[in-house]
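Just so we're aligned, residue 64 is where the sequence shown starts under my numbering, counting upward by one.
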Amino acid sequence: MDCSKDWNKMEKDDHSSISHCEGVYGSISIKDAVNHVFKKEYRLPSLQRNFIWKHKQIENLFNSIMLGFPINLFIFWKPHHDPIEEFGSYEFLTNHKPDSFDNLHSQTKINSTIDKPTFVIDGQQRLTSLYFGLMGSYKFNESRSKQETKNSEHKLYLNLTPLIDKKNINSESSYSFKFLSQNEKETYKKNHKKDYGEESLLFEITGMLKNYNDKNDKEEKIKQYLIKNNIRDNSKIHHVKSTLNRLFDLICEKKLIHYYQEQGQNLNNVLEMFIRINSGGIPLSRSDLIFSIICIKVGSKNNEDKPFEAREEITKLIKNIRDNFQFEISKEFILKTYLVLFSDNIRFLLKNFNDEKKFDEFKANWKNVKQSIELVFRLLKRLKFDNKTFKGLNVLIPIIYHIYYCRENYQNIFDSSLPRTEDEKRNEKNIFKYLYISFIKGIFGKNVDGILKRIKKVFENIKDDKSRIFPFPIKDIVDEFSEDTATNYNFDDDTLCHSIENAKKDDPKTWCLLYLLYADKYSFEDIRIENKITCIQKMILKILNVL
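And the structure:
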């Protein structure tokens, strides 16, 4: 199994040499794994994302364990030293909080060293779930009853009353695990008695490991449960003993946690392994990893009066764009914007995010970066674009660059209540032309880094000349690409007609063409379209089959 690439060599050679995993296989009990979490001997690298499992998934995990279903392989990493500075180190969550944002930020960053820590590369959701059930608690996003509040603490219980149907092991309700608050627990018992003629026998899973050392403790715990619940019926005693014996054996004695432990010391290899392993679940990209590494580096200086929380700030910006402008942007989009604004090399490589001076500049100017990103989406809203009709957000990065370096010219430009100057009107028109030509001709369809680099070069050559950098320098961009036969901003009658003839249903380009042809206020004065009537006639015929 080849599982790593040296990221720093990727720029020179996309077929760089592959390293091999260097590890061992092993197994431990669930009890031992959870205790490692409790003692902070198991850690999460900061590149791990927030806990996302719902309470039902945790209940089903315990049910599957009782039914004898195997647990998927865990992946651990055992470094020889504590790589806090390079990797970041976080504790596992020990109690679920109602807001998913809290489940990310309530993780405690570990600054002190522990001898030979083990990092959980794959298995965070399962191991956190096991901890919640056995030693922690769960809080719901909303109250589930009138007696409950959003912050009510719920513990995991096993209902011992229903008998397992061994002939139907596919039934998810063969064993009934449920998170209940104290009030819900009493209501649950009463409802069970109302429905089945007797109260349910609930065994608290949370805390079952307390004072458990060996099988003798198991026998004592079962005995005390029988006495406390006054269980005297022989059939019930047999069922309770059988079920709890199985529970304790599976959780405490059997080695059900099977793992592969990577022992190689190359951090890049571990990061690449993390990408490959997680690609089968929720999509994970290098931007997720690089984003986490940025959060480590940017937030690592604690001597500031108000530390810059990169993860929180960027997450809030993404949410703000979604809520106020109805556009979905990603961390990758923001990180690429960072590279274009502050880095000489804009490729998405780990080494390009290692310059502390650039990070300091990013932190110092975050307010302006954020404002520039918000302004570009305000512009899109003015131009009647939305998340459905506008694809390929990388085309916006040059506009963000322009806003950032010309921000004194953008103070009032998108406020429709204020009169605009001629330069402001021309600026908006130039941006409009840039967007539509880029979109209709598919300029950013491939070699995005190359396109961004060339446009950035245009801006850098003229940004000190106030008369050239503002309004938006569409002419300079057109000139930069004028001799490129494959990618250029030349736009004429043939280009428009070709685009119309090849319009396809549900293609965002079709929306652009309709808007371009019928929005007279945005007719291109400097672009001669002699056969516009013919083009429109063709478009109408095409629409019959397209829309």
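Cβ coordinates follow ideal geometry from the N, Cα and C atoms, glycine included.
Legend entry - Rounded separation between residue 397 and residue 195 - CA only: CA-to-CA, the gap between residue 397 and residue 195 works out to about 34 angstroms.
Legend entry - residue 296 versus residue 290 - alpha carbon distance: For residue 296 and residue 290, the distance between alpha carbons rounds to 12 angstroms.
Inset, instruction - Would you check if the segment 213-224 and the segment 239-253 touch, i.e. whether three or more CB-CB distances between them fall below 8 angstroms? - result: Contact holds: three or more Cβ-Cβ distances are below 8 angstroms.
Inset, instruction - Can you check DSSP and say which residues form a bridge with residue 325? - result: Residue 325 pairs with 86, 140.
Legend entry - Beta-carbon proximity of residue 466 to residue 403, cut-off 7 angstroms: No, Cβ-Cβ distance for residue 466 and residue 403 is not below 7 angstroms.
Inset, instruction - Decide if residue 427 is buried, meaning its Cβ has at least 16 other Cβ atoms within 10 Å, or exposed. - result: Exposed, by the Cβ-count rule.
Legend entry - Whole-Å CB distance - residue 192 paired with residue 287, under 8 angstroms assumed: Wrong, their Cβ atoms sit about 27 angstroms apart, outside the cutoff.
Legend entry - Under 7 angstroms between C-beta atoms of residue 463 and residue 439: In this structure, residue 439 lies closer than 7 angstroms to residue 463 by Cβ.
Legend entry - Contacts around residue 261, its chain only, beta-carbon distance under 8 angstroms, and the 5 residues preceding and following it disregarded: For residue 261, where only same-chain residues beyond five positions count, the Cβ hits under 8 angstroms are 224, 255.
Inset, instruction - On a CA-only basis, which of 411, 430, 248, 391 is nearest residue 443? Give me that one, please. - result: The closest CA to that of residue 443, considering only 411, 430, 248, 391, is found on 391.
Legend entry - 6 angstroms Cβ shell around residue 610 - same chain, five flanking residues per side excluded: Residue confidence for residue 610 is low, a pLDDT of 37 falling below 50, so the modelled location carries little weight; the figure read from the coordinates is stated next. If we look at residue 610 and ignore the five residues flanking it on each side, it has no Cβ neighbours.
Legend entry - Which of helix, strand or coil DSSP assigns to residue 106: Correct three-state label for residue 106: strand.
Inset, instruction - Return yes when the Cβ of residue 354 is within less than 7 angstroms of the Cβ of residue 394, no when it is not. - result: Closer than 7 angstroms, so yes.
Legend entry - Outcome for residue 365 when other beta-carbon atoms lying within 10 angstroms are tallied against a minimum of 16: Low confidence applies here, because residue 365 scores a pLDDT of 45, under 50, leaving its location unreliable and the question unanswered by this model.
Inset, instruction - Take every Cβ of the segment 481-501, pair it with every Cβ of the segment 417-437, and state whether three or more of those distances are shorter than 8 angstroms. - result: No: fewer than three Cβ pairs fall under 8 angstroms.
Legend entry - Euclidean distance between Cα positions of residue 377 and residue 424: The C-alpha of residue 424 is placed about 16 angstroms away from the C-alpha of residue 377.
Inset, instruction - Starting from residue 407, follow its DSSP beta bridges and name the residues at the other end. - result: For residue 407, which the question treats as bridged, DSSP gives no partner whatsoever.
Inset, instruction - Throw me the rounded Cβ distance for the residue 457 and residue 507 pair, which I believe falls under 8 angstroms. - result: Yes, they are in contact, since the Cβ atoms of residue 457 and residue 507 sit about 5 angstroms apart, within 8 angstroms.
Inset, instruction - Check the C-beta distance from residue 129 over to residue 313 and give it rounded, since I have them as a contact under 8 angstroms. - result: Between the beta-carbon of residue 129 and that of residue 313 there is about 7 angstroms, and that keeps the pair under the 8 angstroms contact cut.
Inset, instruction - Determine which residues share a DSSP beta bridge with residue 181 and list them. - result: The partner list for residue 181 (beta bridge, DSSP) reads 105.
Legend entry - Neighbourhood of residue 546 by C-beta distance below 6 angstroms, restricted to the same chain and skipping five residues each side: Counting only residues of its own chain and dropping the five nearest sequence neighbours on each side, residue 546 has no CB closer than 6 angstroms to any other CB.
Legend entry - Anticipated Cβ contact below 8 angstroms, residue 503 with residue 446, distance rounded: With 8 angstroms as the limit, residue 503 and residue 446 do not qualify as a contact, their Cβ atoms being about 14 angstroms apart.
Inset, instruction - Please confirm whether residue 185 and residue 115 have their CB atoms less than 7 angstroms apart. - result: Pairing residue 185 with residue 115 gives a Cβ-Cβ distance that is not under 7 angstroms.
Inset, instruction - Can you give me the Cβ contacts of residue 512 inside the same chain, cut-off strictly under 7 angstroms, excluding the 5 residues immediately before and after it? - result: Excluding residues within five positions, the ones whose Cβ falls inside 7 angstroms are 409, 410.
Legend entry - alpha helix (DSSP H) runs contained entirely in the segment 374-425, provided each spans 4 or more residues: Scanning the segment 374-425 from its first residue to its last, the whole alpha helix (DSSP H) runs of 4-plus residues come out as 394-405.
Inset, instruction - For the alpha helix (DSSP H) holding residue 267, just list the boundary residues, first then last. - result: Annotation: residue 267 is outside any alpha helix (DSSP H); the continuous beta strand (DSSP E) that includes it extends over 265-267.
Inset, instruction - Report the rounded CA-to-CA distance for residue 219 versus residue 107, giving the unit in angstroms. - result: Distance from the CA atom of residue 219 to the CA atom of residue 107, rounded to whole angstroms, is 24 angstroms.
Inset, instruction - Could you check how far apart the C-beta atoms of residue 292 and residue 264 are, in whole angstroms? I think they sit under 8 angstroms. - result: Sure, about 6 angstroms apart at Cβ, within 8 angstroms.
Inset, instruction - Check whether the Cβ atoms of residue 268 and residue 91 lie closer than 7 angstroms to each other. - result: When the beta-carbon positions are compared, residue 268 and residue 91 stay at least 7 angstroms from each other.
Legend entry - Contact under 7 angstroms by Cβ, residue 222 with residue 239: Closer than 7 angstroms, so yes.
Inset, instruction - May I have the straight-line CA-CA distance separating residue 431 from residue 327, to the nearest angstrom? - result: A direct Cα-Cα distance of roughly 42 angstroms separates residue 431 from residue 327.
Legend entry - residue 538: first and last residue of the uninterrupted alpha helix (DSSP H) it sits in: Element bounds for residue 538: 537-544.
Inset, instruction - Starting from the C-beta of residue 531, find all residues in its chain whose C-beta is less than 6 angstroms away, skip the five residues before and the five after it, and write them out in chain order. - result: Cβ within range, chain order: 525.
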